[in-house]
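Engineer: Chains as they are written, first to last, in the working numbering: chain A, 1 to 128; chain B, 1 to 19.
Ideal placement from N, C-alpha and C gives every residue a C-beta, glycine not left out.
The model shown is predicted, which means the values in this text are computed figures rather than measured ones.
Can you read through this structure? Questions will come right after.
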Amino acid sequence: APSGSSLPAYFIKGSIIQLADGELKHVEDLKTEDFIQSAEISSELKIDSSTVERIDDSHTHNFAIVQFSVGEHRAQVSVEVQVEYPFFVFGQGWSSCCPDRTTQLLELPCTKLSVGDVCISLTLKNLR
Amino acid sequence: VPVFPWHSLVPFLAPTQSD
């Protein structure tokens with residue numbers, strides 16, 4: 001197995017992912033529809049669109065701060081992630097701040113995450 | 001072989017409710 005990243009094992013190519021309907025797929029084979037359909041089945045989770053507004057990878061080695069505009073209310077959320085952390089972009093697939101590193105460390109096919117990309121994220125269906 | 005739930009792969013970005 002690839003090593004050198006402390007990201008969770010489920011991002012490594014070949015990892016087996018169970019969709020909400022029970023179907024099993026490899027992480028590298030997931031499609032946008034798999035996430036959408038799984039969220040539709042879920043009683044607690046819903047998919048939100050999170051648009052990348054800013055990527056700052058200038059401060060900390062191997063880390064980046066990604067600023068998103070989340071959901072219909074365009075809430076601003078920033079997350080600090082390792083540059084190889086893969087986000088799933090609608091209609092495109094896995095993308096990271098440093099796709100070369102993602103491919104090297106996780107063997108996960110990946111494209112470059114860019115400002116304007118719309119990522120899949122989750123929120124609770126009822127925030128009460 | 002471990003099997004992971006689909007939602008593990010998706011970041012949970014919960015905006016703070018302002019109201």
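For aspartate 117 of chain A and chain D, any beta-carbon pair shorter than 8 Å?
Structural biologist: This model lacks chain D altogether, as its protein chains are A and B.
Engineer: Count the C-beta pairs between the stretch 106-119 of chain A and the stretch 41-57 of chain A that are closer than 8 Å, then say yes if the count reaches three, no if not.
Structural biologist: Judged by Cβ distances under 8 Å, the stretch 106-119 of chain A makes contact with the stretch 41-57 of chain A, as three or more pairs qualify.
Engineer: Is the distance from the Cβ of phenylalanine 88 of chain A to the Cβ of serine 49 of chain A below 8 Å?
Structural biologist: Cβ atoms of phenylalanine 88 of chain A and serine 49 of chain A: not closer than 8 Å.
Engineer: Interface residues of chain B around threonine 123 of chain A at Cβ under 8 Å?
Structural biologist: Those within 8 Å of threonine 123 of chain A in chain B are Phe12, Leu13, Ala14 and Pro15.
Engineer: Output yes if chain B places a C-beta closer than 8 Å to the C-beta of valine 70 of chain A; else output no.
Structural biologist: It does; some Cβ of chain B falls within 8 Å.
Engineer: Starting from isoleucine 17 of chain A, trace the beta strand (DSSP E) in both directions and tell me its first and last residue.
Structural biologist: Note, isoleucine 17 of chain A: beta strand (DSSP E), 16-18.
Engineer: Answer yes or no: does any C-beta atom of chain B fall closer than 8 Å to that of serine 6 of chain A?
Structural biologist: It does not: the Cβ of serine 6 of chain A has no partner Cβ on chain B nearer than 8 Å.
Engineer: For cysteine 98 of chain A, I'd like the list of residues in its chain whose CB is within less than 7 Å of its CB, leaving aside the five on either flank, ordered along the chain.
Structural biologist: Excluding residues within five positions, the ones whose Cβ falls inside 7 Å are Val83 and Glu84.
Engineer: Quick check: is the beta carbon of tryptophan 6 of chain B nearer than 8 Å to any beta carbon in chain A?
Structural biologist: Interface residue, yes.
Engineer: Under 8 Å, do leucine 106 of chain A and leucine 7 of chain A count as touching if we go by C-beta distance?
Structural biologist: Result yes, Cβ atoms of leucine 106 of chain A and leucine 7 of chain A sit closer than 8 Å.
Engineer: Tyrosine 10 of chain A to histidine 59 of chain A, Cα distance in whole Å?
Structural biologist: Computed Cα separation, rounded: 27 Å.
Engineer: How about phenylalanine 90 of chain A: is its C-beta nearer than 8 Å to some C-beta of chain B?
Structural biologist: Not an interface residue.
Engineer: Tell me the rounded alpha-carbon separation between threonine 123 of chain A and serine 42 of chain A.
Structural biologist: Their Cα atoms are separated by approximately 11 Å.
Engineer: Assuming glutamine 18 of chain A and proline 5 of chain B make a contact with CB atoms under 8 Å, what is their CB distance in whole Å?
Structural biologist: Rounded, the Cβ-Cβ distance is 6 Å, consistent with contact.
Engineer: Can you tell me whether threonine 51 of chain A is helix, strand or coil according to DSSP?
Structural biologist: Threonine 51 of chain A falls in the strand class under three-state DSSP.
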